[in-house]
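Take the sequence shown: its letters are residues 22 to 282, numbered as in the numbering used here. Below you'll find the structure, written out as structure tokens, and then a few comments.
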Amino acid sequence: MNISDRNKNPQASRKRIFIGLLGLTFALIMVLIFVGGWIATIGLNHLHPGLTIAAQIIAGIAFIFSSGIISALILSIIFEKELPFTHKIRGLGIKLFLPLMEILGPRLGIAKERVRNSFIETNNRLLISGNRHKTPPERMLLLLPHCLQMADCQRRITTNIYNCKRCGKCNIDNLITLAESYNIRIAVATGGTLARKIVRDHKPKMIIAVACERDLTSGIHDTFPLPVYGILNQRPEGPCWNTLVDTTEVENALQTFLKTK
Ligand code: SF4
Numbered sequence: 022m023n024i025s026d027r028n029k030n031p032q033a034s035r036k037r038i039f040i041g042l043l044g045l046t047f048a049l050i051m052v053l054i055f056v057g058g059w060i061a062t063i064g065l066n067h068l069h070p071g072l073t074i075a076a077q078i079i080a081g082i083a084f085i086f087s088s089g090i091i092s093a094l095i096l097s098i099i100f101e102k103e104l105p106f107t108h109k110i111r112g113l114g115i116k117l118f119l120p121l122m123e124i125l126g127p128r129l130g131i132a133k134e135r136v137r138n139s140f141i142e143t144n145n146r147l148l149i150s151g152n153r154h155k156t157p158p159e160r161m162l163l164l165l166p167h168c169l170q171m172a173d174c175q176r177r178i179t180t181n182i183y184n185c186k187r188c189g190k191c192n193i194d195n196l197i198t199l200a201e202s203y204n205i206r207i208a209v210a211t212g213g214t215l216a217r218k219i220v221r222d223h224k225p226k227m228i229i230a231v232a233c234e235r236d237l238t239s240g241i242h243d244t245f246p247l248p249v250y251g252i253l254n255q256r257p258e259g260p261c262w263n264t265l266v267d268t269t270e271v272e273n274a275l276q277t278f279l280k281t282k
């Protein structure tokens, strides 16, 4: 089964949250454009009537531009189809709308974690819809959080994941096996700074990242325009402690994005 066919219902609900917040953010931007344009019109009219017309034209262009972007983003999310500017639209979603949605969501009773979750899901859907040029294995990086390692394990896997002695007590063992069988690069990061260094060193074309909502969101944001497909870790013992990941989900992502011979 292809990755795009899995978990349709939870995905649909996360998509609805994202689209709803996107619509509200858009409405807010429109109100700001309208109020700003109106205030500018009053002030500029005193200076020169021509300036009023110029301000109205600028506000009109901003309205058309924002409407076009939002409509394209919503359509590409709903239909999960690649549109001509899917890549740039994903960028705008990440850089412009996500920070606004993180502010707006909690004020509407939607926890920040749910906003981030819906963002990660939407980012993933957009990557799948734009997945025409697959990634060669040597340019794919599987980036893992340090908390996947068993807390009492003494092996220093952040300097080199292959220091793992493959005892099978945590997911690292299976993930190394996956990386070896697909011939991709794999690394562990303790935080954003190390993650950025790993990305600089490996120069991947694409990243499949495992982490919590907060780290995935900031990772996707920081590494744009590099595509990052996010997979959430499971936290049965609480955050940052002996976390787990569904390795089948990781393998499905690899099969979806890797170029096969
Ligand atoms: S598989 Fe074993 S050796 Fe490797 S990181 Fe996990 S606990 Fe440590």
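Even glycine gets a Cβ: it sits at the ideal position worked out from N, Cα and C. Keep in mind it's a predicted model, so treat the numbers as computed, not measured.
*Do you know offhand how far His67's Cα is from Leu165's?*
Those two C-alpha atoms are separated by around 60 angstroms.
*Short check: CB of Gly58 to CB of Ala75, under 8 angstroms?*
At the C-beta level, Gly58 and Ala75 stay beyond 8 angstroms of one another.
*Report buried or exposed for Asn28, applying the criterion of at least 16 other Cβ atoms within 10 angstroms of its Cβ.*
Any reading at Asn28 must be qualified, since the residue scores a pLDDT of 49, below 50, and its modelled position is unreliable; no value is offered.
*Cβ distance (whole Å) where Cys168 is taken to contact Cys261 below 8 angstroms*: About 5 angstroms separates the beta carbons of Cys168 and Cys261, which is inside the 8 angstroms limit, making them a contact pair.
*Using a threshold of 7 angstroms, is the CB atom of Gln255 nearer than that to any non-hydrogen atom of ligand 1?*
For Gln255, the CB stays at least 7 angstroms from every heavy atom of ligand 1.
*May I ask you to list the residues that DSSP assigns as paired with Leu265?*
According to DSSP, which records beta bridges pairwise, Leu265 is partnered with Gln255.
_Cβ-Cβ distance between Met227 and Thr156 below 8 angstroms_ = With respect to the 8 angstroms criterion, Met227 and Thr156 are classified as neighbours on the basis of their beta carbons.
*Would you tell me roughly how many angstroms separate the C-alpha atoms of Ile38 and Pro70, rounded to the nearest one?*
Each residue's Cα considered, the two are about 43 angstroms apart.
*Can we count Ile178 as close to ligand 1, meaning its CB is less than 7 angstroms from some heavy atom?*
Yes.
*If you measure from each residue's Cβ to the nearest non-hydrogen atom of ligand 1, which ones come out under 5 angstroms, in chain order?*
Here the residues come out as Gln170, Met171, Cys174, Arg176, Cys185, Lys186, Cys188, Lys190, Cys191, Ile193 and Asp194.
*Contact check, Ile193 vs Gln170, beta carbons under 8 angstroms*: For Ile193 and Gln170, yes; Cβs fall inside 8 angstroms.
*asked:* Ignoring anything shorter than 4 residues, give me the alpha helix (DSSP H) runs that lie fully in the segment 166-223, in order along the chain.
replied: Every unbroken stretch of the alpha helix (DSSP H) spanning 4 or more residues and falling wholly within the segment 166-223 is given here in chain order: 192-203 and 213-223.
_Inter-residue Cα distance where the pair is Ala232 and Gly89_ = Taking the straight line from one Cα to the other gives about 33 angstroms.
*asked:* Applying the 10 Å Cβ sphere with the 16-neighbour rule, what's the burial state of Asn144?
replied: Around the beta-carbon of Asn144, 16 or more other beta-carbon atoms lie within 10 Å, marking it buried.
*In chain order, what residues of the same chain lie with their CB nearer than 6 angstroms to the CB of Arg250, ignoring the 5 residues before and after it?*
The sequence shown places Tyr at residue 250, rather than the Arg named in the question. The answer, listed in chain order, is Asn145, Leu148, Ile229 and Ala274.
*Find out if the Cβ-Cβ distance for the pair Glu234, Leu253 is shorter than 8 angstroms.*
The beta carbons of Glu234 and Leu253 sit closer together than 8 angstroms.
*Note down the Cα distance separating Arg135 from Thr244, rounded to an integer number of angstroms.*
Each residue's alpha carbon lies about 21 angstroms from the other.
*Name the residue from Asp222, Cys191 and His223 whose alpha carbon lies nearest to the alpha carbon of Asn263.*
If you compare the alpha carbons of Asp222, Cys191 and His223 with that of Asn263, the shortest gap goes to Cys191.
*Can you list, in chain order, the residues of its chain whose CB lies under 7 angstroms from that of Cys185, leaving out five sequence neighbours each side?*
Here Cys185 has Arg176, Ile178, Ile193, Asp194 and Ile197 as same chain residues with Cβ atoms under 7 angstroms from its own Cβ, once five neighbours each way along the sequence are excluded.
*Which same chain residues, not among the five before or five after Met22, have their C-beta less than 6 angstroms away from its C-beta?*
In this predicted model, Met22 has a pLDDT of only 46, less than 50, meaning its place in the structure is not dependable; the value taken from the coordinates is given anyway. Hits under 6 angstroms: none found.
*Which parts of the segment 74-162 are runs of the alpha helix (DSSP H), unbroken and 4 residues or longer, counting only runs that do not cross its ends?*
Fully enclosed alpha helix (DSSP H) runs of no fewer than 4 residues occupy 107-113, 119-128 and 133-150 of the segment 74-162, in order along the chain.
*Using the beta-carbon count (16 or more within 10 Å), is Ile60 buried or exposed?*
Per the 10 Å Cβ criterion, exposed.
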